[in-house]
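Everything below concerns the one structure shown next.
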Ligand SMILES: Nc1nc2c(ncn2[C@@H]2O[C@H](COP(=O)(O)OP(=O)(O)OP(=O)(O)O)[C@@H](O)[C@H]2O)c(=O)[nH]1
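Residue numbers (UniProt numbering): 1 to 649.
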């Protein structure tokens, strides 16, 4: 039924307060988007009916639960009842009232299967009305929890962490029904994907009962710790030159190779790029003088092994940069101090801001800012201070803590202040701080979620030398040993790990934080795609086509409305998706709902939205797996929002 409005007395300001920036306003003169409002109204009327009904049902369930008193039971029944309530909740969430669950549990004598049948059948009958979207039956681990054990608390995630930048406050979320199967393997048949219980996949006792943390300490305690550092910044800021020179000065590139680069670049009249050629290896990159894909190399400091990820600065290659940033623990932001160049990278829609926001949104919180090419301004302290001042306040807004950000004056081309204390008198007259290698040495090693279930994101797939094929990517959480069984992507096909390689060395086990290659057997290569997630057979990753996320909208030219198509970036995955519901606008710092069901989302707004993909994807809630609960939304080559997954449908 459509809603009738008394339009004559309607206060349009209230009605469209979330759309103010898009409304025609004679005072503002130039905007004329009134057509958008009239078009958008039609879409809203249709969705509104459904959402109102949904909300009403939710409200009813909530009121019902609030007024409900638990029956008095003996200790045994009380325990059975709470176990039933927990299990049912893990399947149906908050959509069914406490009263209904308790009454049904008692009616069916705590038989969980019957209780679920009764409740789910009831819900299906109730919702047997046309829906706006086709429901894709997707196996989701969380929906058929068999184990009687309670879900484990989400390890290493503190919701009390101070909120910064794009992180929007939220009320404490219950952990999702992830089953910890590590210590309680269930010996049943393999690979039945129509049944999705975590306990359906059989793994060896060795795999299910090992202590990952102990193994890690045994294997790695005498080794240097390893971090991945991404180098970001506006095109031509000098990232590749800086990294190439750093690699040369630390002895990771031989004099012979450097001489070859020097001669070849000279022949092409591109000698200034000789250090950049260390990382820009393809003919096209060298001919065009730009980085196109993430170049990778490594250096060793006194205490660390650092994998350098040299990201492309050009806006056309931001998807590659995002994919690189998902592998990074820390970042170096390179800015060009040349007059006019810093400004075009920072102020005029350049990539300095976008890159910094992207890496922060992807969970990187330690940032070394390199004020590069300071040789072009005669090592001017005034220019250095001017740039630092501008960046400091922006980075704070973007969510970096002041204590996690450093500023270092450098010249990638001359090598000044890279690996040795500054020598240039024009610089030493005012600077006596750290050189770049020292900054890298001082990055803190992030905590690795080693004792959590395995999650590895696939960033590349290729044919190996022997049987099977290889995938490479980063172990986000948990560990893998040779001969382990793993589940592959959304198809949840089971595969066996035949071999593991890290930095071209064969390994018997690898851990969270490692960038590795795995040879897999027993799985169809067609079921693996870049961006898919490899997970633990006993605690598979949820697979879904629809989820809710808390997002912060960046600067957008067109408001985000219901049905808005976007490209969803999740780890290395890039998947078309649609914003299918605008649940609420929320306050950035308190996380409180400002307005339910807003008509649209404008620049710098925060909101709870639902996203739908056409194909099933593997995703986690941020509260459960921080590493896999972050998303990025892009449209036409522009990043429009970043967010965190709050609910998986
Ligand atoms: N004067 C001066 N020029 C530099 C310095 N660092 C780099 N350049 C020059 O700046 C140009 C671009 O350098 P690159 O290292 O390719 O820049 P980039 O940031 O890696 O470029 P993309 O990866 O394509 O974004 C080259 O001509 C370099 O020689 C520096 O410290 N001083």
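Note that CB positions come from ideal geometry on N, CA and C, so glycine has one too. Please read these numbers as outputs of a predicted model, since none were measured by experiment.
Three-state secondary structure assigned by DSSP to residue i
i           : result
residue 78  : helix
residue 202 : coil
residue 620 : coil
residue 562 : coil
residue 516 : strand
residue 643 : strand
residue 118 : helix
residue 482 : coil
residue 502 : strand
residue 186 : Confidence at residue 186 is low in this model, with a pLDDT of 28, below 50, so the placement of that residue is unreliable and no value is reported for it.
residue 368 : strand
residue 390 : helix
residue 414 : coil
residue 156 : Any answer about residue 156 is weak, because its pLDDT of 32 lies below 50 and its placement is not dependable; what the coordinates show is given next. Three-state DSSP puts residue 156 in coil, outside helix and strand.
residue 310 : strand
residue 631 : strand
residue 625 : coil
residue 274 : coil
residue 208 : helix
residue 83  : helix
residue 373 : coil
Option nearest residue i by Cα separation, candidates the options
i           : options            : result
residue 523 : 642, 541, 490      : 490
residue 233 : 249, 321, 483, 297 : 321
residue 323 : 585, 568, 396, 578 : 568
residue 496 : 485, 241, 504, 503 : 485
residue 425 : 327, 351, 375, 243 : 375
residue 648 : 242, 623, 427, 104 : 623
residue 529 : 429, 469, 421      : 469
residue 399 : 358, 598, 558      : 358
residue 451 : 416, 510, 317      : 510
residue 545 : 578, 629, 206      : 578
residue 421 : 118, 434, 269, 493 : 434
residue 346 : 306, 395, 327, 253 : 395
residue 556 : 588, 633, 217, 563 : 633
residue 533 : 558, 642, 477, 258 : 477
residue 340 : 627, 253, 237, 317 : 237
residue 621 : 245, 252, 631, 202 : 631
residue 455 : 429, 575, 627, 639 : 627
N- and C-terminal bounds of the beta strand (DSSP E) containing residue i
i           : result
residue 462 : 455-462
residue 419 : Run containing residue 419: none; DSSP gives neither H nor E here.
residue 547 : 543-553
residue 408 : 405-409
residue 471 : 469-477
Residue range of the unbroken alpha helix (DSSP H) whose run includes residue i
i           : result
residue 319 : 318-325
residue 438 : 436-441
residue 259 : 255-267
residue 584 : Taken as a continuous stretch (DSSP letters only), residue 584 belongs to no alpha helix (DSSP H), being part of the beta strand (DSSP E) at 573-586.
residue 355 : 351-361
residue 249 : 239-249
residue 344 : 341-346
residue 596 : Run containing residue 596: none in the alpha helix (DSSP H); it sits in the beta strand (DSSP E), 593-596.
residue 331 : Segment 330-336 is the beta strand (DSSP E) holding residue 331; no alpha helix (DSSP H) there.
beta-carbon residue i near ligand 1 non-hydrogen atom, thresh 7 Å
i           : result
residue 323 : no
residue 239 : yes
residue 373 : yes
residue 233 : yes
residue 436 : no
residue 408 : no
residue 378 : no
residue 312 : yes
residue 269 : no
residue 276 : yes
residue 412 : yes
residue 660 : A question about residue 660 goes unanswered here, because the residues of the chain that appear run from 1 up to 649.
residue 524 : no
residue 249 : no
Other residues of its chain near residue i: CB distance less than 7 Å, five sequence neighbours each side excluded
i           : result
residue 499 : 482, 506, 519
residue 8   : Confidence in residue 8 is poor, its pLDDT being 48 and thus under 50, which makes the residue's placement unreliable; the coordinate value appears in the next sentence. Excluding positions up to five away in sequence, the list is empty.
Nonlocal neighbours in the same chain, by C-beta distance under 8 Å from residue i, ignoring five residues either side
i           : result
residue 378 : 426
residue 583 : 548, 596, 597, 607, 608, 609, 610
residue 572 : 323, 326, 457, 458, 459, 473, 530, 531
Same chain, Cβ closer than 6 Å to residue i, five either side skipped, listed in chain order
i           : result
residue 329 : 227, 228, 446
Chain C within 8 Å of residue i, Cβ atoms only
i           : result
residue 115 : Among the chains in the structure shown there is no chain C, since it carries only a single protein chain.
heavy atom of ligand 3 below 7 Å from residue i C-beta
i           : result
residue 272 : For the structure depicted, ligand 3 is absent and the ligand set comprises only ligand 1.
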